[in-house]
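For the record, the sequence lines run as chains A and B.
Straight run, no breaks: the first sequence in full-length UniProt numbering ends on number 343.
Straight run, no breaks: the second sequence in full-length UniProt numbering ends on number 343.
2 protein chains.
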Amino acid sequence: MDVELSTRSRQILEAIVEDYIATAEPVGSGSVARRHALPLSTATIRNVMANLEEMGLLTSPHTSAGRVPTEKAYRLYVDSLVALRQVSRDEKKLIIRRCREAGAGLLGILKETSRTLSSLSNYMGIVVAPSFTSDVFRHIEFIRIGSHKVLAILVSSNGTVQNRLVESDTEFSQSDLITMGNYLNELMQGLTISQARKRILEEMHTEKMQYDNLMLLALRMTEQAVSGEGDEIFVEGQARILDQPEFNDVGRMKDVFRAFEQKGQLLKLLERCMSADGVQIYIGSESPLSQSAGVSLITSRFVTSSNTVGLLGVIGPTRMGYSSVIPIVDYTARLVSRMLAET
Amino acid sequence: MDVELSTRSRQILEAIVEDYIATAEPVGSGSVARRHALPLSTATIRNVMANLEEMGLLTSPHTSAGRVPTEKAYRLYVDSLVALRQVSRDEKKLIIRRCREAGAGLLGILKETSRTLSSLSNYMGIVVAPSFTSDVFRHIEFIRIGSHKVLAILVSSNGTVQNRLVESDTEFSQSDLITMGNYLNELMQGLTISQARKRILEEMHTEKMQYDNLMLLALRMTEQAVSGEGDEIFVEGQARILDQPEFNDVGRMKDVFRAFEQKGQLLKLLERCMSADGVQIYIGSESPLSQSAGVSLITSRFVTSSNTVGLLGVIGPTRMGYSSVIPIVDYTARLVSRMLAET
DNA sequence: AAATAGCACTCAACATCAGGGAGTGCTAGT
DNA sequence: ACTAGCACTCCCTGATGTTGAGTGCTATTT
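So, in structure tokens, the structure goes:
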């Protein structure tokens, strides 16, 4: 499959990919010769281009138009042609500053980060917060709200707070709530949230519990608090991709926006990206979002102080400025990890 | 300015507005006669239409096209022509069910409500959560997270929880934190969050505080927790308006999406809508979002159990199905208020 | 044999033009 | 006071022609 490519072919392919990324228009032999000052005639370039087309690296929208890179070409480009730009000092500063300024807990930082990613890349920035359930339990607290309402507040190690309003038939005194809290804090000490949940379910079926109404209720309430869906995902800069010429077509635009309507779905798709370390690049149909075609995804994982892992990245058209976006995603992931580690 | 309109003129205007709402296309004298079975010839209708145009209620995009209602016409239509549809039993059921199912605290309900509004109206649903700062303080709690990090958790009467991670130079023991909590709970009892904030600032300058380092720190931390921006606004169903033919134009679409990018801005604009009771209708340039033209806004306030007030509504094109959307917004606001009152 | 120049060919894009039709305004007749 | 009739306007559609960027092939040069 992977035919050997001569240096010249590679040069030309690179030129075409980069031209196309820059202009969004099919690039012809003429433009390549002109813009890249290769010591070759257009005819020669045409020959090479014909080869590349045969190899499935280029297509032409119609006979008398230039060529457009295929996904395979982008893949090749990303794997072995692209010269990654350095993240500039200014960009670094911006990322750091934004991170600092957010400062309202983990989620605040992550939300701001998705903004930053979007504004630096000029595409959509996304951040998937680390799953709450894989974080380590830190503290639970019950606060009496009404006669039959209790607010359960659950804090995990990375400082994320989940709260759940729970109704119950019985009425609790404040001291009941404290007793319950102590008991449960003991019970879940050092476990992850999902382990804690399992432990609670076990405990609920213990014999002694059948007679301790109070504790049984406490367990029930905690179970509810602990079983939060609450995985957060931040998508920012959707309006930005409207500037991309490929989305001038209303139909395509709808596709993209539809895809981002239900974040639940999105979350499931993105989970696949979290398996590997380092920057991951998904081009077009490789991307888990493939339903809405023509979209590429560049992601990297980050870790929190409590060793849970989240995902951040950029979504844009396949025709994306890989050379600058890849380093930005990489740098941002490292930086966020570092920032969170300080916590 | 408000010239008397004959019954016939009003009938015709109503017909035109409704036709245009249904079809999004300039409506001519022919269609009016056909679709609404008026006992009039097209010529007569034409005369009337010419009058209406002169009054600034209609415009024609060009000589040989039909007429399109102006904002003024919509205003008139909404004020005195429209026959409001009843909210159907099914719709009511849906609203209630969605509300029930959400159930994860105030914000959960509101988020779901914005979804519901969007799906029932087929436009964008928006909900502005009641401002946290005007709610009544209920409880504050400090939880030790790291050696120099404390998580301050602030609960208000309607069950909303704000949490803020605070760093400090001093190290606190758990019992310190409890003392602080007790003191502050006492101090802010019965105040609204913004009153509480004022109280704290006063207290910080009290003479006795200058010597009680612990309490001074506690106040500082609380001040941070209390000064949260955290006003939430939910916008749902943005993709839906892409189906509206007026937004087939990419430029206009961009406008709208841009406007919704920074929710902070949006919030400020919407505040204006919260002054009056009942359903508010803003047509085109009347709407606080007027920058992105051609948009109407229908809102109504709702109240929580602790008497703070929020806003909910629908955003759509000026050519909006007022007859069904107005009752939906009205009903939803009432229902949400009722649901929250039960808390 | 590899690179180039030359040339005929293709095809989207743009402009031009005519016919059709929906709609209008006006006038004269009921 | 309404309606019928009619000339007129102007968008829309489709047909037609032209242009130009780009191609593939072939003969020629290096």
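Glycine residues also receive a C-beta, built at the ideal position from the N, C-alpha and C atoms.
Shortest alpha-carbon distance to B/Val226 belongs to which of B/Gly313, B/Leu191, B/Asn248?
Considering only B/Gly313, B/Leu191, B/Asn248, the residue with the shortest C-alpha distance to B/Val226 is B/Leu191.
Cutoff 9 Å: A/Arg338 Cβ touching any chain B Cβ:
False, the Cβ-Cβ gap to chain B never drops below 9 Å.
Cβ-based neighbour list, B/Ser156, same chain, cut-off 8 Å, excluding 5 preceding and 5 following
Once the five neighbours on either side are set aside, the close Cβ partners of B/Ser156 are Phe132, Asp135, Val136, Phe137, Arg138, Gln162, Ile193, Ser306.
Reference B/Gln291, options B/Thr116, B/Phe260, B/Leu40, closest by Cα
B/Gln291 has its Cα closest to that of B/Phe260, out of B/Thr116, B/Phe260, B/Leu40.
When you compare the CB positions of B/Val295 and B/Gln224, do they come within less than 9 Å of one another, or not?
In terms of Cβ geometry, B/Val295 and B/Gln224 do not form a close pair [threshold 9 Å].
Cα-Cα, which of A/Ser285, A/Glu286, A/Ser287, A/Ile298 is closest to A/Val279?
With distances taken between Cα atoms, A/Val279 lies closest to A/Ile298.
Measuring alpha carbon to alpha carbon, tell me which residue in A/Lys149, A/Ser88, A/Thr59, A/Arg10 is nearest A/Val27.
Distances from the alpha-carbon of A/Val27 to those of A/Lys149, A/Ser88, A/Thr59, A/Arg10 put A/Thr59 closest.
Could you give the C-beta distance for A/Leu217 and A/Thr179, rounded to a whole number, given that I count them as a contact under 8 Å?
Actually they do not touch by this definition, with Cβ atoms about 12 Å apart.
Where A/Val127 and A/Ser119 are concerned, what is the direct C-alpha to C-alpha distance, given to the nearest angstrom?
Roughly 14 Å separates the two Cα atoms.
Quick one: does the C-beta of B/Gly181 sit closer than 8 Å to a heavy atom of the ligand MG?
This structure lacks the ligand MG, and indeed carries no ligand of any kind.
Quick check: the Cα distance between A/Phe172 and B/Lys92, rounded to an integer number of angstroms?
Looking at the two C-alpha atoms, the distance is approximately 35 Å.
Taking the straight line between their C-alpha atoms, what separation do you get for residue 345 of chain B and B/Asp79?
Because chain B here runs from 1 to 343, residue 345 of chain B falls outside it and cannot be looked at.
Drop a sphere of 10 angstroms on the beta-carbon of B/Glu236, count the other beta-carbons inside from all chains shown, and report buried for 16 or more, exposed for fewer.
Buried, because 16 or more other Cβ atoms sit within 10 Å of the Cβ of B/Glu236.
Under the three-state DSSP convention, the category B/Val82 falls into:
Assigned with DSSP and collapsed to three states, B/Val82 falls in coil, not helix or strand.
To the nearest angstrom, report how far apart A/Leu13 and A/Gly313 are at their CA atoms.
About 26 Å.
What residues from chain A crowd round residue 387 of chain B, counting only those whose CB sits closer than 7 Å?
The requested residue 387 of chain B is not part of the displayed model; chain B covers only 1 to 343.
Status (buried if at least 16 other CB within 10 Å, exposed otherwise) for A/Pro245:
It counts as exposed.
Counting only beta-carbon separations shorter than 9 Å, does A/Asn248 have a partner in chain B?
Closer than 9 Å: yes.
Please report the residue range of the beta strand (DSSP E) in which B/Arg240 lies.
It is not in any beta strand (DSSP E) - B/Arg240 carries neither H nor E in the DSSP assignment.
Beta-carbon within less than 6 Å of B/Leu106's beta-carbon, same chain only, minus the 5 sequence neighbours each way: which residues are those?
Within the same chain, B/Leu106 has close Cβ partners Asn158, Gly159, Thr160.
Which of helix, strand or coil does DSSP assign to A/Gln162?
The answer is strand: DSSP assigns A/Gln162 an E or B state.
Is it buried or exposed, A/Tyr322, if we count other Cβ atoms within 10 angstroms and call 16 or more buried?
Sixteen is the threshold: when 16 or more other Cβ atoms of the shown chains lie within 10 Å of the Cβ of A/Tyr322, as they do, the residue is buried.
Starting from B/His139 and walking both ways along the beta strand (DSSP E), at which residues does that stretch end?
First-last of the beta strand (DSSP E) with B/His139: 137-146.
Name the chain B residues that come within less than 9 Å of A/Lys254, Cβ to Cβ?
Chain B residues near A/Lys254: Ala239, Leu242, Asp243.
Cα-Cα separation between A/Met339 and A/Ile283, rounded to whole angstroms
Spanning the two alpha carbons is a distance of roughly 29 Å.
Please tell me whether A/Glu14 has its Cβ less than 9 Å away from any Cβ of chain B.
Chain B contact via Cβ: absent.
Below 9 Å on C-beta distance, what does B/Arg258 contact in chain A?
Neighbours of B/Arg258 on chain A, chain order: Ala239, Leu242.
Any alpha helix (DSSP H) of 4 or more consecutive residues that is wholly inside the segment 258-296 of chain A:
When DSSP assignments are scanned along the segment 258-296 of chain A, the uninterrupted stretches of alpha helix (DSSP H) that are 4 or more residues long and fall wholly within it turn out to be 263-271.
Measure from the C-beta of A/Asn163 to each C-beta in chain B and report whether the shortest distance is under 9 Å.
It does; some Cβ of chain B falls within 9 Å.
Going along chain B, which residues have a C-beta under 8 Å from A/Val127?
Chain B residues near A/Val127: none, gap ~16 Å exceeds 8 Å.
Residues from the segment 121-148 of chain B in contact with chain A, defined by Cβ distance under 9 Å
If the cut-off is 9 Å between Cβ atoms, the segment 121-148 of chain B has Arg138, His139, Glu141, Ile143, Arg144, Ile145, Gly146 near chain A.
For A/Glu167, which beta-bridge partners are listed by DSSP?
A/Lys149, per the DSSP bridge assignment.
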